[in-house]
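Undergrad:
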Amino acid sequence: MVKIGNIELPEFPLLLAPMEDVSDPPFRKLCKEQGADVVYTEFVSSEGLIRNAAKSVIKLDIYEKERPVGIQIFGANMDSMLQTIDIVSESKPDIIDINFGCPVKKVVSKGAGAGILKDICLMEQLTAEMVKRTNIPITVKTRLGWDHDSIRIVEVAERLQDVGCKAIAIHGRTRAQMYKGNADWKPIAEVKNNPRMHIPVFGNGDVNTPERAMEMRDQYGLDGCMIGRATIGNPWFFKQVKHFFETGEHYRPITMQERVDAARRHLQMAIDWKGETLGVLETRRHYTNYFKGIPHFKEYRTKMVTSDHSVDVFAAFDEVEEQFSDYVFTE
Numbered sequence: 043m044v045k046i047g048n049i050e051l052p053e054f055p056l057l058l059a060p061m062e063d064v065s066d067p068p069f070r071k072l073c074k075e076q077g078a079d080v081v082y083t084e085f086v087s088s089e090g091l092i093r094n095a096a097k098s099v100i101k102l103d104i105y106e107k108e109r110p111v112g113i114q115i116f117g118a119n120m121d122s123m124l125q126t127i128d129i130v131s132e133s134k135p136d137i138i139d140i141n142f143g144c145p146v147k148k149v150v151s152k153g154a155g156a157g158i159l160k161d162i163c164l165m166e167q168l169t170a171e172m173v174k175r176t177n178i179p180i181t182v183k184t185r186l187g188w189d190h191d192s193i194r195i196v197e198v199a200e201r202l203q204d205v206g207c208k209a210i211a212i213h214g215r216t217r218a219q220m221y222k223g224n225a226d227w228k229p230i231a232e233v234k235n236n237p238r239m240h241i242p243v244f245g246n247g248d249v250n251t252p253e254r255a256m257e258m259r260d261q262y263g264l265d266g267c268m269i270g271r272a273t274i275g276n277p278w279f280f281k282q283v284k285h286f287f288e289t290g291e292h293y294r295p296i297t298m299q300e301r302v303d304a305a306r307r308h309l310q311m312a313i314d315w316k317g318e319t320l321g322v323l324e325t326r327r328h329y330t331n332y333f334k335g336i337p338h339f340k341e342y343r344t345k346m347v348t349s350d351h352s353v354d355v356f357a358a359f360d361e362v363e364e365q366f367s368d369y370v371f372t373e
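Residue numbers (the working numbering): 43 to 373.
(1) Under three-state DSSP, which class holds H240?
(2) Identify which residue in T372, R327, M346, I49 has its Cα closest to the Cα of N177.
(3) Using CA atoms only, rank isn't needed, just tell me which of A170, N141, R301, F280 is closest to Y293.
(4) Assign N141 to one of three DSSP states: helix, strand, or coil.
(5) From the DSSP secondary-structure annotation, give me the bridge partner or partners of C267.
(6) For I274, which three-state DSSP category applies?
(7) Assuming contact is defined by CB atoms lying nearer than 8 Å, are G206 and V249 in contact in what I supplied?
(8) Indicate the three-state DSSP secondary structure (helix, strand or coil) for S133 in the structure shown.
(9) Contact defined as beta carbons within less than 8 Å: I believe G157 pairs with K183. What is the distance between those atoms, to the nearest angstrom?
(10) What is the C-beta distance between I241 and K208, in whole angstroms, given that I count them as a contact (C-beta under 8 Å)?
(11) Measure the alpha-carbon distance for K160 versus P252 and round it to whole angstroms.
(12) Among N224, S65, K45, whose alpha-carbon lies nearest the alpha-carbon of I274?
(13) Evaluate P337 with the Cβ neighbour count: other Cβ atoms within 10 Å of its Cβ, from every protein chain shown; 16 or more gives buried, anything less gives exposed.
(14) Select from G223, E62, L124, E166 the residue whose C-alpha is nearest the C-alpha of E197.
(15) Go ahead and label Y105 buried or exposed: buried means 16 or more other beta carbons lie within 10 angstroms of its beta carbon, across all protein chains shown.
(16) Going by beta carbon distance, what residues of the same chain come within less than 6 Å of D226, once the five residues before and after it are set aside?
(17) With H, G and I counted as helix, E and B as strand and the rest as coil, what does DSSP make of I178?
(18) For G290 and L309, which I take to be in contact (beta-carbon distance under 8 Å), what is that distance rounded to the nearest angstrom?
(19) Suppose contacts are defined by Cβ-Cβ distances below 8 Å. Is N246 in contact with I212 by that definition?
(20) Closer than 7 Å by C-beta to Y342: which residues in its own chain qualify, once you throw out the five before and the five after it? Chain order, please.
(21) Under DSSP, the beta strand (DSSP E) around L51 begins and ends at which residues?
(22) From the DSSP output, in three-state form, read off I216 for me.
(23) CB V376 to CB P135, shorter than 8 Å?
(24) Can you tell me which of I193, C267, K101 puts its alpha carbon nearest to the alpha carbon of P52?
(25) So, for V149: in the same chain, excluding its five sequence neighbours on each side, which residues have a beta-carbon less than 6 Å away from its beta-carbon?
(26) Identify whether G117 lies in helix, strand or coil by the three-state DSSP scheme.
(27) Residues bridged to A211 by DSSP?
(28) Taking only the alpha-carbon atoms, compute the straight-line gap between H351 and K345 and give it to the nearest angstrom.
Shown next, in the form of structure tokens:
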């Protein structure tokens with residue numbers, strides 16, 4: 043069993059990573075149904091939240107069926123982050139996660155996300171004060187370091203633990219790498235193997251097959267894995283990993299009917315949550331992966347990702363269901 047504070051999770055839990063414009067309530071619901079043990083919101087700007095910016099406030103929407111669910115926040119100003127803790131606490135998440143790892147320039151330029159990796163003392167101080175501010179478990183998601191020459195993740199993780207952080211998820215790249223090259227899990231294993239560490243250490247980065255998840259568990263000895271990009275358009279990834287763990291065999295290919303049904307539900311839930319315009323717009327990124335590998339699919343994909351009205355997208359799903367009903371996916 044793995045515990046984040048008093049939250050009990052199964053052995054080697056699978057966590058849905060917080061992803062901007064991806065891990066919203068409709069997608070989190072689909073992933074939860076397919077075996078995600080913990081789900082996280084898109085990251086929420088502390089500055090946006092205290093200004094009551096609509097885009098930030100709506101990200102606090104969480105639902106009972108998602109639990110345990112974490113709300114992830116980012117920022118670098120102490121007062122703003124503490125005010126954010128107060129606001130976020132009202133939504134009653136199970137976990138509040140601090141983003142100390144986002145590599146995007148507009149976040150980093152403000153000293154937030156991975157930008158704070160240049161100031162480990164501030165990183166520690168922010169975590170300590172946020173822990174004091176709430177009884178909700180505070181966790182951290184971060185990277186190995188700012189660049190290859192400044193990797194101090196073993197020390198950083200220990201310092202965060204010592205001020206009350208209840209779990210840490212580490213992406214196996216530096217900020218300088220962005221998403222290029224391969225994730226290096228060895229430094230994450232060094233954090234886990236530090237005899238002073240007693241909080242869960244989760245790995246993140248390049249977990250894109252069940253075999254890779256098993257490698258993270260068995261070879262690197264981590265407590266669980268946080269999965270991001272591999273789940274986009276493929277909420278079944280969690281089920282696939284768990285099936286592989288249990289049987290040593292790959293889960294059967296997801297059928298065309300299952301894919302069409304999931305795409306329909308995803309779009310409808312998005313519309314119910316955000317309205318027609320945003321619901322249609324913000325589910326587009328998933329369709330390519332829902333129907334990845336189908337030959338001669340460009341015409342249908344174009345309809346899905348360019349139509350501004352849900353009736354047209356649903357009609358495209360109907361066409362796909364009819365035209366490709368006999369198509370068999372191989373993986």
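Ideal Cβ positions, reconstructed from N, Cα and C, are used throughout, including at glycine.
TA: Walking through what the data contain:
(1) Correct three-state label for H240: coil.
(2) When C-alpha distances from N177 are compared across T372, R327, M346, I49, the shortest belongs to I49.
(3) F280
(4) Correct three-state label for N141: strand.
(5) Answer is L56, G245, bridged to C267.
(6) DSSP places I274 in coil when its eight states are reduced to three.
(7) no
(8) coil
(9) That pair is no contact at about 14 Å.
(10) 6 Å
(11) 34 Å
(12) S65
(13) exposed
(14) For the options G223, E62, L124, E166, the alpha carbon positioned closest to that of E197 is the one of E166.
(15) exposed
(16) G214
(17) coil
(18) With 8 Å as the limit, G290 and L309 do not qualify as a contact, their Cβ atoms being about 35 Å apart.
(19) Result yes, Cβ atoms of N246 and I212 sit closer than 8 Å.
(20) Closer than 7 Å at Cβ, skipping near neighbours: A358, E361, V362.
(21) 49–51
(22) Checking the displayed sequence, the identity of residue 216 turns out to be Thr instead of Ile. Note: T216 maps to coil in three-state DSSP.
(23) The structure shown does not extend to residue 376, since the chain is modelled only from 43 through 373, so no value can be given for it.
(24) C267
(25) G155
(26) coil
(27) Listed as beta-bridge partners of A211 by DSSP are K183, F244.
(28) 10 Å
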